[in-house]
Amino acid sequence: MAAYIIRRLLFMIPTILGIMTISFLVIQFAPGGPVERVIAQLSGTDAGGTSRVGGSATGDFAQGGQVLSGNGDANGQYRGAQGLDPEFIEELEAQFGFDKPAHERFLLMIWNFVRFDFGESYYRDVAVVDLILEKMPVSISLGLWTTLITYLISIPLGIRKAVHDGSSFDVWTSAAIVFGYAIPSFLFAVLLIVLFAGGSFWDLFPLRGLGSDNWDQLNAFEKVADYFWHLTLPLISMIIGGFATTTLLTKNSFLDEIKKQYVVTARGKGLTESRVLYGHVFRNAMLIIIAGFPGAFISIFFTGSLLIETIFSLDGLGLLSYESILNRDYPVVFATLYIFSLMALIITLISDLTYTIVDPRIDFESRGV
76 MAAYIIRRLL FMIPTILGIM TISFLVIQFA PGGPVERVIA QLSGTDAGGT
126 SRVGGSATGD FAQGGQVLSG NGDANGQYRG AQGLDPEFIE ELEAQFGFDK
176 PAHERFLLMI WNFVRFDFGE SYYRDVAVVD LILEKMPVSI SLGLWTTLIT
226 YLISIPLGIR KAVHDGSSFD VWTSAAIVFG YAIPSFLFAV LLIVLFAGGS
276 FWDLFPLRGL GSDNWDQLNA FEKVADYFWH LTLPLISMII GGFATTTLLT
326 KNSFLDEIKK QYVVTARGKG LTESRVLYGH VFRNAMLIII AGFPGAFISI
376 FFTGSLLIET IFSLDGLGLL SYESILNRDY PVVFATLYIF SLMALIITLI
426 SDLTYTIVDP RIDFESRGV
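Note that the working numbering numbers the sequence shown so that position 214 is 289, with each residue one more than the last.
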């Protein structure tokens, strides 16, 4: 097993390098950039983080990570730079690191990331690590509780549906979870706000943040209650559509195992139904559920909460990543991408190792995986 773990850890290196290389190349050809954005703001022509500076640019080309205008002067200056001191433009380029060739900037970025040195945000004047740590509690809260609640409900429900396959209970619960799956989480979030957050009916839950204004004055019990009071509506919005996949996957997995010969043999030996289900079937049926856990957790933790964070004014990693892309805040963009990718690979490895705990018959090392 040690050899397998070492191979997987070594395989993470080219995987991360490939992800960062492709992302860096995409950024080089993306329209706009931090220098263009600052120039546009100074010249009053900024129309957002995704637009180029100037009008109908022709013959635009990229150089060193910058988008230069072919319609500029003989020196190839930004069109938006006309009327600005060339020395000021050079200072901007040096400030953002664009005074170096693209390959030098890429190698420097990789070297810094290996040491977990992510630099500072272009626009927030704060270290990227501090910025990520500041937003992490919101994403951890949403991702952890959403995943935990979904699995705690879906797995027992899926088992019960498998045991009572075809019954009225199975039919109406299937209809309910499919209906919940069909409702977009952001639309359900808006409905909850209208109903329970002072929209048009009741004002029972807060609309923003994870803590009240008087948080520092609350005792430990009141802080816990206040925390979950603020989390109630966002969590309901996120978990409403999360039951279908895990529940039906659990049900189908149990149905497949229940039909196998070893279950018939166990029942023939006089074992109770509970012993058969949880002593024999459960271990085998849960393998596929464990395999799907990393993907579900990563999706909820990093990307699934973007709209919910926006609707409920929760300043988490999803919203941070989205705003950084729009604002061309490249240190934050690449740092979050690097951290997300690294965590996804590590969690996937942990999931594979969990396979061997649930079923000792599985041996990845002997298979040369």
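Positions of the beta carbon are idealized from the N, C-alpha and C atoms, including for glycine. Just so you know, these numbers come straight off a predicted model, no measurement behind them.
- A direct Cα-Cα distance of roughly 18 Å separates T96 from G194.
- Straight-line spacing of the CA atoms in L417 and S260 works out to 27 Å.
- One alpha carbon belongs to I315, the other to E162, and they sit about 56 Å apart.
- DSSP, reduced to helix, strand and coil, places A202 within a strand of the structure shown.
- Out of D427, L424, Y405, the CA that lies nearest to the CA of V203 is found in Y405.
- The beta carbons of R83 and L424 sit closer together than 7 Å.
- The alpha helix (DSSP H) runs lying completely inside the stretch 316–365 and spanning 4 residues or more are 318–333, 336–343, 348–351, given in chain order.
- L270: member of the alpha helix (DSSP H) spanning 260–271, first to last residue.
- Per DSSP, reduced to three states, the secondary structure at D390 is coil, with no helix or strand assignment.
- Between S312 and I258, the CB-CB gap reaches or exceeds 7 Å.
- Around the C-beta of F99, 16 or more other C-beta atoms lie within 10 Å, and the residue is accordingly described as buried.
- In the DSSP secondary-structure assignment, D278 is bridged to A272.
- According to the DSSP assignment, D245 belongs to the alpha helix (DSSP H) that extends over 243–257.
- Bridge partners of E111 according to DSSP: none are assigned.
- Taking the CA atoms as reference points, S426 sits about 21 Å from G233.
- Under DSSP, E195 takes part in a beta bridge, and its partners are A202.
- Using a C-beta cut-off of 8 Å, the stretch 206–214 makes contact with the stretch 406–414, since at least three inter-stretch Cβ pairs fall below that distance.
- With respect to the 7 Å criterion, L267 and L308 are classified as neighbours on the basis of their beta carbons.
- For a cut-off of 8 Å, the C-beta gap from L420 to K210 is around 21 Å, too long to register as a contact.
- In this structure, DSSP gives N402 a state outside helix and strand, which the three-state scheme calls coil.
- Annotation for A78: the continuous alpha helix (DSSP H) segment containing it runs 77–104.
- Of the residues G93, L182, G255, S388, the one whose Cα lies closest to the Cα of A319 is G255.
- In this structure, A237 and K175 do not form a Cβ contact; the two beta carbons are roughly 60 Å apart against a cut-off of 8 Å.
- Under the three-state reduction of DSSP, D288 is assigned to coil, being neither helix nor strand.
- Looking from the CA of V253, the closest CA among M76, D301, T321, V269 belongs to T321.
- For R180, the uninterrupted alpha helix (DSSP H) run begins and ends at 177–189, by DSSP.
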